[in-house]
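Residue numbers (the working numbering): 12 to 291.
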């Protein structure tokens, strides 16, 4: 895998760890709050990872004490507080704002749209846009001391880049409504209890060890089965059960005859060894 293409990215660090990739939000002095450059670079990273044929799994972390403190407040004023201040035509100012919001939505969706499973490992604060980010991930872990907050109502904003759409299927409508309407801060153990994270750990070391172990476990599976399972899960979330069954039936009818399934039968049934899969 050639990761040199990421060398010019300033707000996100990408590195290889075993058979998987680690992506770290890299504005630790700002608690990894998203500024304009990070909004632009996150989709560049995940779209590039999607194109690579040997990523297998991604662990998403944040450098420093906090995973992500949300949107950099300094970047809010021009776009949200008074977007028409320097515009002769209010409609054009609002069209620019609409484009800005949709572009921000695309940033978060780029994580979800990456074909490789993304595992969020959360330490410290995960507020506002941080929750947008982790709800676009496939698996979420945290430390016990991690804190989560759907912060937007506290700054007079309706969350608009994914939390209100992705959080309810994860934790249920009632819990999502309470968290979004109150901006109540919850810690790692409560996040685990409501289903926002699958597991929480005593410290960051244990958290990262488990996240990397999970990524390596996934990386050892058939990549065709892994990316296909992610696609089917994403489709199932947004469709009825009958639609989901039709989708997976058509998917497997097209994809099931593969060298990967042949390798499984040869390795496990005949040769009693771990299967070895080729790149996608």
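The beta carbon of each residue, even a glycine, is placed where N, CA and C say it ideally should be. Predicted, not measured: the structure shown is a model, and the values here were computed from it.
With 16 other Cβ atoms within 10 Å as the buried cut-off, status of residue i
i	result
residue 12	exposed
residue 234	buried
residue 31	buried
residue 276	exposed
residue 105	exposed
residue 216	exposed
residue 134	buried
In DSSP terms, what residue i is bridged to
i	result
residue 31	28
residue 210	152
residue 82	45
residue 159	137 and 197
residue 129	69
Proximity to residue i [Cα-Cα], best of the options
i	options	result
residue 81	118, 140 and 112	140
residue 83	68, 42 and 69	42
residue 79	58, 136 and 101	136
residue 142	61, 44, 231 and 278	44
residue 71	187, 149, 116 and 185	149
residue 230	51, 264, 67 and 18	67
residue 196	265, 162, 228 and 168	162
Whole-Å CB distance - residue i paired with residue j, under 8 Å assumed
i	j	result
residue 207	residue 159	6 Å
residue 165	residue 194	5 Å
residue 128	residue 26	About 18 Å separates the two Cβ atoms, so there is no contact after all.
residue 56	residue 37	Residue 56 to residue 37, Cβ: 11 Å. No contact.
residue 146	residue 118	Not a contact, Cβ separation roughly 13 Å.
residue 125	residue 33	14 Å between Cβ atoms; not a contact.
Limits of the unbroken alpha helix (DSSP H) element including residue i
i	result
residue 108	101-124
residue 225	215-230
residue 282	Element bounds for residue 282: n/a, residue is neither H nor E.
Residue i CB to nearest heavy atom of the ligand PLP below 8 Å
i	result
residue 75	As presented, the structure is devoid of all ligands, the ligand PLP included, so that no description of it is given.
Residue range of the beta strand (DSSP E) that includes residue i
i	result
residue 175	Note, residue 175: premise wrong, no beta strand (DSSP E); alpha helix (DSSP H) at 174-182.
residue 70	69-73
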